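Trainee: Just passing along the structure, written as structure tokens.
In UniProt numbering, the protein residues as written are 1 to 326.
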């Protein structure tokens with residue numbers, strides 16, 4: 001285990017890490033893009049790096065291709081202080097690629113190359129169980145639920161983490177083009193819903209999962225379950241709503257000049273997890289939770305001001321600077 005940040009508890013992020021190819025020009029279709037810049041990404045990996053940038057202790061568990069891109073990604077995790085002890089390399093499959101185009105409004109469209117990619121081939125018997133057992137928070141998404149054997153590896157990792165006393169965090173991170181159908185996406189995303197104790201969904205994901213056109217409290221609470229300690233609905237430039245057993249409310253956004261929303265949700269999640277990993281009582285104290293969510297909103301906002309996810313993830317000093325209005 002890494003000795004830096006040794007006093008902090010470990011946050012383990014499980015899932016995919018890939019390379020996003022982002023057009024050099026915004027507001028064009030993939031076909032019209034004159035060129036692409038490669039940017040490391042993958043939501044669970046982004047969360048791990050977000051945690052580390054903010055001074056927390058993070059590890060990433062997943063599978064990469066035994067290729068130049070795979071080793072580059074493992075190197076990026078290590079450079080950012082994230083433990084790579086949970087990474088496996090697959091000699092038969094490539095690291096996943098995604099071509100991401102930024103529309104004129106900064107929102108994204110995706111085209112994926114995964115047929116299959118290495119992350120989809122992680123097997124339960126390849127998991128570093130000691131690493132997973134040492135986590136105080138276990139965070140995952142839904143992309144690792146799409147196909148076997150990765151789905152079984154995800155379920156096993158979650159079960160082992162839970163048995164060891166970890167808090168289970170879940171951000172479905174819906175990417176419809178990767179699923180066989182909308183129905184399958186909804187069914188599988190909800191298949192582990194009742195196990196998660198902290199869940200973050202975007203407004204779009206809330207509408208997708210509930211079939212509602214509203215992003216109100218009633219719609220959000222229709223997703224509540226007894227194991228949940230905190231449900232968060234992020235609203236982009238409108239901030240976020242929070243729901244717990246005892247209270248609910250909303251936290252205002254920060255106004256920034258957004259160029260690319262990639263990684264904003266992951267930055268938000270990383271900031272939240274950093275602040276609850278050693279202090280779960282925050283989840284039952286509304287004043288303190290609001291403070292943490294304000295910090296998370298600041299981190300998400302900063303991430304939208306630069307292109308790409310990982311290069312844009314803020315340090316604690318940058319987040320404090322925005323919080324203090326500098």
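Every residue, glycine too, gets a C-beta built ideally from N, C-alpha and C.
These numbers were taken from a predicted model, which means no experiment stands behind them.
1. By DSSP, does residue 180 sit in helix, in strand, or in coil?
2. Comparing C-alpha positions only, which one of 87, 78, 177, 44 sits nearest to residue 123?
3. Taking 7 Å as the limit between beta carbons, can you name the residues of its chain near residue 223, skipping five residues before and five after?
4. Going by beta carbon distance, what residues of the same chain come within less than 6 Å of residue 129, once the five residues before and after it are set aside?
5. Can you tell me whether DSSP reads residue 158 as helix, strand or coil?
6. Following the continuous alpha helix (DSSP H) through residue 51, name the residue where it begins and the one where it ends.
7. For residue 150, tell me which candidate among 175, 285, 279, 127 has the shortest Cα-Cα distance.
8. Nearest to residue 153 by alpha carbon, out of 58, 16, 75?
9. Might you give, ordered along the chain, the residues of its own chain that have their beta carbon closer than 6 Å to the beta carbon of residue 244, omitting 5 neighbours on each side?
10. Tell me whether residue 175 sits in a helix, a strand or coil according to DSSP, three-state version.
11. Helix, strand or coil for residue 58? Go by DSSP, reduced to three states.
12. If you count every other CB in all the chains shown that lies within 10 Å of the CB of residue 70, and 16 or more means buried, which is it?
13. Between the segment 74 to 81 and the segment 97 to 112, can you find at least three pairs of beta-carbon atoms closer than 8 Å?
14. Just to confirm the assignment, what range does the alpha helix (DSSP H) spanning residue 205 have?
15. Do you know offhand how far residue 13's Cα is from residue 35's?
16. If we ignore side chains and look at the alpha-carbon of each, how far apart do residue 134 and residue 157 end up?
17. For residue 286, I'd like the list of residues in its chain whose CB is within less than 6 Å of its CB, leaving aside the five on either flank, ordered along the chain.
18. Roughly how many angstroms separate the alpha carbons of residue 202 and residue 276, rounded to a whole number?
19. On a CA-only basis, which of 310, 242, 319 is nearest residue 284? Give me that one, please.
20. If you run the structure through DSSP and keep just helix, strand and coil, what is residue 3?
21. Looking at the structure shown, is residue 81 part of a helix, part of a strand, or coil, going by DSSP?
22. Considering only DSSP beta bridges, list what residue 137 is partnered with.
23. Who are the near neighbours of residue 138 in its chain, counting only those whose CB is closer than 6 Å to its CB and skipping five residues on each side?
24. In whole angstroms, give me the CA-to-CA distance for residue 3 and residue 260.
25. Check whether the Cβ atoms of residue 41 and residue 310 lie closer than 8 Å to each other.
26. Go to residue 295, then tell me how far its alpha helix (DSSP H) extends in each direction, as first and last residue.
Mentor: Well, looking at it:
1. coil
2. 87
3. 209, 210, 231
4. 160
5. helix
6. 43 to 53
7. 127
8. 16
9. 230
10. coil
11. strand
12. buried
13. no
14. 203 to 210
15. 31 Å
16. 12 Å
17. 247
18. 20 Å
19. 242
20. Note that residue 3 scores 38 on pLDDT, short of 50, meaning its location in the model is unreliable and no value can be drawn from it.
21. coil
22. 11, 167
23. 12, 161, 166, 168
24. Unreliable placement is indicated for residue 3, whose pLDDT of 38 sits below 50; the coordinate value is still reported in the next sentence. One C-alpha to the other measures close to 34 Å.
25. yes
26. 286 to 303
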